[in-house]
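Residue numbers (this note's numbering): 3 to 54. Cβ atoms here follow ideal geometry from the backbone N, Cα and C, with glycine treated the same way. No experiment lies behind these values; they were computed from the predicted model shown. Some notes on the structure that comes next.
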């Protein structure tokens, strides 16, 4: 497990997930800490192929 830290972050992760699912802005208190939806988006792992 996470050594108890899961309980501490579960509310925040739920709020983040709800905002992302609904297409709403992230909560102000989280964006004030520098959290962005781009940092959490699945497409952050997609890289464009280089063309020769």
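Under 8 Å by Cβ, that's how I've got residue 29 and residue 17 pegged, so tell me the actual separation to the nearest angstrom. 6 Å
Closest to residue 24 by C-alpha separation, out of 47, 39, 5 and 33, would be which residue? Checked all of 47, 39, 5 and 33; the closest Cα to residue 24 is 39.
So is residue 50 in contact with chain B if we call contact Cβ pairs under 7 Å? Annotation note: the requested chain B is absent from the structure, which comprises a single protein chain.
Less than 8 Å between the CB atoms is what I'm expecting for residue 42 and residue 22, so what's the real figure, rounded? 7 Å
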